[in-house]
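Remarks on the structure that follows.
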């Protein structure tokens with residue numbers, strides 16, 4: 003009997019070691035693939051092969067000539083077409099956190115899942131589509147002079163989604179790469195990061211309250227297509243925390259609607275990779291978290307511009 007038990011323990015140990023070995027090999031493979039994908043994206047950015055990066059630079063140049071008072075803001079937005087883009091910076095940081103083990107993961111499986119999300123986000127076609135948010139921010143600033151890309155016109159978008167016009171930079175509101183939700187007795191209020199504070203100082207100091215924005219927001223690529231892959235684990239945990247706070251404060255009497263309870267329409271001309279992301283973006287309720295999110299702990303702290311196949315007037 004004792005011999006059988008010893009044999010059983012040996013088999014269990016061998017199986018465990020085999021699983022660890024297999025997991026380590028898969029993790030190493032994903033690290034190599036992720037590094038390669040990020041390098042390819044960086045090269046595409048540097049080489050000017052991303053159409054929407056080109057559109058950002060051209061739109062900013064055209065609008066700065068007709069609206070010189072917007073030059074400081076447009077200078078900042080032009081950086082979105084470079085490696086300084088916060089989405090690209092986030093991808094490199096997330097990859098480094100896995101590679102250098104500066105972020106806590108419960109298992110190699112969670113590391114692989116994170117790396118696969120980074121690879122999906124670093125796909126050049128997807129990243130090009132993600133840049134449409136910035137192109138359309140500039141297009142909306144032009145008040146119809148420049149066309150939106152990969153999205154319907156502002157008027158059509160607001161009408162089809164019964165959305166509220168939140169003014170300049172509305173595509174960025176709620177995107178953790180451009181600001182954060184600060185909490186107070188009246189609810190969570192959107193606060194821009196320093197370089198994007200122009201949206202507040204130059205356009206009348208619009209105030210965005212989470213509970214209001216959540217139910218009346220319009221379409222953006224980040225929120226309706228790319229959030230799953232362009233959001234880090236810490237950012238996702240923060241998003242769920244904001245949602246829980248709002249549900250607790252405003253949830254009674256159907257006063258609160260999650261910003262992700264339904265997808266907003268408005269996307270046009272997206273790549274196949276983005277279409278795949280869009281189909282899976284709203285499969286689970288916003289209030290639910292993945293295992294990796296709920297267990298998250300960080301050791302670091304915590305050409306013709308007006309017409310194109312996928313362009314539309316920004317009126």
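In this note's numbering, the protein residues as written are 3 to 317. Idealized CB from N, CA, C, for every residue including glycine. In this text, all values refer to a predicted model and were calculated from it rather than measured experimentally.
Item	Value
Taking only the alpha-carbon atoms, compute the straight-line gap between residue 174 and residue 254 and give it to the nearest angstrom.	28 Å
Sorted by chain position, which residues of the same chain lie with C-beta nearer than 7 Å to residue 167's C-beta, five sequence neighbours on each side aside?	160
Would the stretch 128 to 136 and the stretch 55 to 74 be scored as touching if the rule is three or more Cβ pairs under 8 Å?	yes
Among 105, 107, 45, whose alpha-carbon lies nearest the alpha-carbon of residue 84?	45
Using the Cα positions of residue 231 and residue 33, report the straight-line distance between them to the nearest angstrom.	16 Å
Using beta-carbon positions only, say whether residue 275 and residue 98 come within less than 7 Å of one another.	no
Under 7 Å, do residue 153 and residue 268 count as touching if we go by C-beta distance?	yes
Return the CA-CA distance between residue 182 and residue 237, expressed in angstroms with no decimal places.	10 Å
For residue 132 and residue 224, what's the separation of their Cα atoms in angstroms?	7 Å
For residue 120, which option in 41, 256, 36 has the closest C-alpha, if you only look at C-alpha atoms?	36
Which residue wins for smallest C-alpha separation from residue 198, given the options 270, 178, 189, 244?	178
Taking buried to mean at least 16 other C-beta atoms within 10 Å of its own C-beta, is residue 103 buried or exposed?	exposed
Just curious, the alpha helix (DSSP H) that residue 246 is in, first and last residue?	235 to 252
Inspect the beta-carbon positions of residue 211 and residue 189 and report whether they are closer than 7 Å.	yes
Would you tell me roughly how many angstroms separate the C-alpha atoms of residue 280 and residue 226, rounded to the nearest one?	7 Å
Starting from residue 143, trace the alpha helix (DSSP H) both ways and give me its first and last residue.	134 to 143
Name the DSSP beta bridge partners of residue 184, please?	191
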